[in-house]
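Just below is one structure, and these are the notes that go with it.
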Amino acid sequence: MDNMSKAFQMESNQYDRGTKILGLLGEEACLLIVHELIVSGPLNVFELIAALNIPKHTILQHLQILYAFKIVTCEYKSHQVYCAVEDETIIEIMKVLGFLD
1372 MDNMSKAFQM
1382 ESNQYDRGTK
1392 ILGLLGEEAC
1402 LLIVHELIVS
1412 GPLNVFELIA
1422 ALNIPKHTIL
1432 QHLQILYAFK
1442 IVTCEYKSHQ
1452 VYCAVEDETI
1462 IEIMKVLGFL
1472 D
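Under the numbering used here, the first residue of the sequence shown is numbered 1372, with each subsequent residue one higher.
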């Protein structure tokens, strides 16, 4: 593979991740979860349910997807899973979309 092909492949992969991120943020539940985690900091599932008034199974389903795409990080603390958004790119996207100051 020549340098031009490698560069195109790299660029294509970056666009692919970007379109997937925007697609996920186009889903209301994902957008709400990401926003809440950025604004409030790390939260566990029960705190997200209380903050967003979204059913547990919906929160869990969307967290799995967000985690798979590395939009959300998860960490075990005291038998609880705490989720957070630490990726500055995601935070910047939310700012550009007008969801954060």
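Just so you know, even glycine gets a beta-carbon here, dropped at the ideal spot from N, CA and C. Bear in mind the structure is a predicted one, so any value in this text is a computation, not a measurement.
If you draw a straight line from the alpha carbon of residue i to that of residue j, how long is it in whole angstroms?
{"i": "His1450", "j": "Asp1387", "result": "35 Å"}
{"i": "Gly1397", "j": "Ile1430", "result": "15 Å"}
{"i": "Ile1404", "j": "Leu1419", "result": "7 Å"}
{"i": "Ile1409", "j": "Val1456", "result": "6 Å"}
{"i": "Leu1414", "j": "Gly1389", "result": "25 Å"}
{"i": "Glu1463", "j": "Val1443", "result": "14 Å"}
{"i": "Asp1458", "j": "Tyr1447", "result": "19 Å"}
{"i": "Ile1425", "j": "Lys1466", "result": "23 Å"}
{"i": "Phe1470", "j": "Leu1395", "result": "15 Å"}
In this structure, how does DSSP classify residue i when only helix, strand and coil are distinguished?
{"i": "Glu1459", "result": "helix"}
{"i": "Asp1387", "result": "helix"}
What are the start and end residues of each continuous alpha helix (DSSP H) run of 4 or more residues lying completely inside the segment 1389-1457, in chain order?
Entirely contained in the segment 1389-1457, the alpha helix (DSSP H) runs reaching 4 residues are, in chain order, 1399-1411, 1416-1423, 1427-1439.
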